[in-house]
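**Student:**
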Amino acid sequence: NAGVMQNPRHLVRRRGQEARLRCSPMKGHSHVYWYRQLPEEGLKFMVYLQKENIIDESGMPKERFSAEFPKEGPSILRIQQVVRGDSAAYFCASSPLRQKNTEAFFGQGTRLTVV
Amino acid sequence: DQQVKQNSPSLSVQEGRISILNCDYTNSMFDYFLWYKKYPAEGPTFLISISSIKDKNEDGRFTVFLNKSAKHLSLHIVPSQPGDSAVYFCAARDDKIIFGKGTRLHILP
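Line by line, the protein sequences are chains G and E.
Quick note: to get our numbering, add 7 to the position in the first sequence (first position is 1).
Quick note: to get our numbering, add 26 to the position in the second sequence (first position is 1).
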């Protein structure tokens, strides 16, 4: 049973380019969460999605960032016109249910470097 | 405003001794808590959880204690082993998972 798969593992973008990060949840999981970890910082919540729905995007920056989780295919976190401050590790997690007494399982992350 | 706080950025413990990692939270509505372990360049790995209806949950060398009145939980690792050196995140489950900033645990030989 494959775990949460994120790709690419490493992504280098020049300032002003777009970054697209993909996350395939564990089999049977329909809930996806995106987190960002800046160097020497904790894990900051960005967005929570269910298939075709955004449940909570309270942690998403207002501009340049968007996320989707289509009916078919992986969840995508998109960052437009990247800036140096977007350099971070981005982690995706998935869970099978919306229940509060369940854990979520994380992928290995995508390390974005903006040059 | 931090809802989950880990006030010790780092902790060093001798191999074989007990490691105690602490965590405080501010929202009394939280009723499910988790600990994750993270190695460099890897994703967080789920370690152990506890529901607010319990005050203790044990899994092998790992025990989590919950004190609801103090809004405090702790993770005990005994005996500590070299492979336990990692960053440990305390978290509370809402619709999302809210993490503390983590405590870096060093197990000394």
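Cβ atoms here follow ideal geometry from the backbone N, Cα and C, with glycine treated the same way.
Computed from a predicted model, the values in this text were never measured in an experiment.
1. Comparing the C-beta of I61/G with each C-beta of chain E, is any distance below 8 Å?
2. Mind listing, in chain order, the continuous alpha helix (DSSP H) runs of no fewer than 4 residues lying wholly within the region 53-105 of chain G?
3. Would you kindly check if the distance between the Cβ of A111/G and the Cβ of A100/G is under 8 Å?
4. Could you pull the DSSP bridge partners for Y51/E from this structure?
5. What is the residue span of the beta strand (DSSP E) that M12/G lies within?
6. Ordered along the chain, which non-local residues of its own chain (more than five positions away) have a Cβ less than 7 Å from that of L45/G?
7. Quick one, are the C-beta atoms of L18/G and L84/G less than 8 Å apart?
8. At 7 Å on the CB atoms, spell out the chain G contacts of F125/E, in chain order.
9. Quick check: the region 113-120 of chain E against the region 34-48 of chain G, are at least 3 beta-carbon pairs closer than 8 Å?
10. Can you pull out the residues from the region 68-92 of chain G whose beta carbon lies closer than 8 Å to at least one beta carbon of chain E?
11. Could you check if Y58/E is buried or exposed, using at least 16 other CB atoms within 10 Å of its CB as the buried criterion?
12. CB of P35/E to nearest heavy atom of the ligand NAP: below 7 Å?
13. For R29/G versus Q13/G, is the C-beta spacing smaller than 8 Å?
14. Does the distance from the CB of L47/E to the CB of Y62/E come in under 8 Å?
15. Compare the C-beta of P70/E against all C-beta atoms of chain G and say whether one is closer than 8 Å.
16. Does R43/E get closer than 8 Å to chain G when you measure Cβ to Cβ?
**Tutor:** If we stick to the structure as given:
1. Position 54 of the first sequence, counted from the first residue, corresponds to residue 61/G. Cβ-Cβ to chain E under 8 Å: no for I61/G.
2. none
3. For this step, residue 100/G is matched to residue 93 along the first sequence. For this step, residue 111/G is matched to residue 104 along the first sequence. Result yes, Cβ atoms of A100/G and A111/G sit closer than 8 Å.
4. The sequence position of residue 51/E within the second sequence is 25, counting from 1. Answer by DSSP bridge pairing, in chain order: V30/E.
5. On the first sequence, position 5 is the one that residue 12/G refers to. Looking at the DSSP string, the run of the beta strand (DSSP E) that includes M12/G is M12 to N14.
6. Numbered from 1 along the first sequence, position 38 holds the residue referred to as residue 45/G. Once the five neighbours on either side are set aside, the close Cβ partners of L45/G are A95.
7. Here residue 18/G is taken as the residue at index 11 of the first sequence, counted from 1. Here residue 84/G is taken as the residue at index 77 of the first sequence, counted from 1. No, the Cβ-Cβ distance between L18/G and L84/G is not below 8 Å.
8. Here residue 125/E is taken as the residue at index 99 of the second sequence, counted from 1. Within 7 Å Cβ-Cβ: G49 and L50.
9. no
10. none
11. Along the second sequence, read from residue 1 onward, the residue named residue 58/E stands at position 32. Y58/E is buried by the Cβ-count criterion.
12. With respect to small molecules bound, the structure shown includes none, and the ligand NAP cannot be examined in it.
13. The sequence position of residue 29/G within the first sequence is 22, counting from 1. The sequence position of residue 13/G within the first sequence is 6, counting from 1. For R29/G and Q13/G, yes; Cβs fall inside 8 Å.
14. Locating residue 47/E in the second sequence gives position 21, where the first residue counts as 1. Locating residue 62/E in the second sequence gives position 36, where the first residue counts as 1. The answer is no: Cβ separation not under 8 Å.
15. For this step, residue 70/E is matched to residue 44 along the second sequence. By this cut-off, P70/E is an interface position.
16. Along the second sequence, read from residue 1 onward, the residue named residue 43/E stands at position 17. Cβ-Cβ to chain G under 8 Å: no for R43/E.
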